[in-house]
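Down below is the structure, laid out as structure tokens.
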Amino acid sequence: MASKSLRATLAGALCTTLLGAGLVTASPAEAKRAMPRTCYTGKIICVDKSKRVVRLVNNGKISVRLDARFGSSRTPTRNGMFRVYWKSRNHVSSLYGSAMPFSLFFSGGQAIHYSSDFARRGYSGASHGCVNTRDYSRMRKLFDRTPTGTRVYIYW
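What the sequence shown shows, in our numbering, is residues 1 to 156, in sequence order.
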């Protein structure tokens, strides 16, 4: 019978061969779909609608991550590349009269902002097109770390 060290060496060589051939992935984390290429260059807010998450990314490194919900089918959140053109720390919607703390406006009246309704009811509701977050302190961190002009990429 082969020694433990020989078996370990053979097992390591086999795993390396299988990994190199693409037959096995290195870890479950690597098997997950990566962010789009756009999210790995410069400072950008990447909004993944399929995973319901907002990420502030600096050259591929995530510095803030938040759960998110979006607009309904009647008031959808737009997909595409935008820029934060206006920030409002204590915004109140002129259309709906609702509080929108830490608003980062990126397209018309659509913004990424904290939502007390999302924090309270979870995914059972929807926004009127905005990107809602439910963690007040993390949303404040995103707001404070995002200058006007930062890119926002929203995708499925």
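Note that the Cβ used here is the ideal one computed from N, Cα and C, for glycine as well.
Count the other CB atoms, across all protein chains shown, that sit within 10 Å of the CB of A34; report buried if there are 16 or more and exposed otherwise. What you label residue 34 is simply residue 34 of the sequence shown in a count that begins at 1. By the neighbour-count rule (16 or more Cβ atoms within 10 Å), A34 is not buried but exposed.
If you draw a straight line from the alpha carbon of G60 to that of F82, how long is it in whole angstroms? Counted from its first residue, the sequence shown places residue 60 at position 60. Counted from its first residue, the sequence shown places residue 82 at position 82. Rounded to whole angstroms, G60 to F82 spans 18 Å at the Cα level.
If you drop the 5 nearest sequence neighbours on each side, which residues of the same chain put their C-beta closer than 6 Å to that of C46? Indexing the sequence shown from 1 puts residue 46 at position 46. For C46, same chain residues with a beta-carbon under 6 Å away, outside a window of 5 residues either side, are M35, C39, R55, V57, Y153 in chain order.
Quick check: L177 and F70, are their CB atoms within less than 8 Å of each other? Outside the shown range of the chain (1 to 156) lies residue 177, about which nothing can therefore be said.
Please work out which residues of its chain come closer than 6 Å, Cβ to Cβ, to Y136, disregarding the five sequence neighbours upstream and downstream, and give them in chain order. Here residue 136 corresponds to residue number 136 of the sequence shown, with the count starting at 1. Contacts found: Y114.
Should D48 and T133 be called a contact, given that it needs their Cβ atoms to be closer than 8 Å? For the purposes of this step, residue 48 is identified with residue 48 of the sequence shown, where counting begins at 1. For the purposes of this step, residue 133 is identified with residue 133 of the sequence shown, where counting begins at 1. The answer is no: Cβ separation not under 8 Å.
From the DSSP output, read off the bridge partner residues of W86. Walking along the sequence shown from the start, residue 86 turns up at place 86. Bridge partners of W86: F105.
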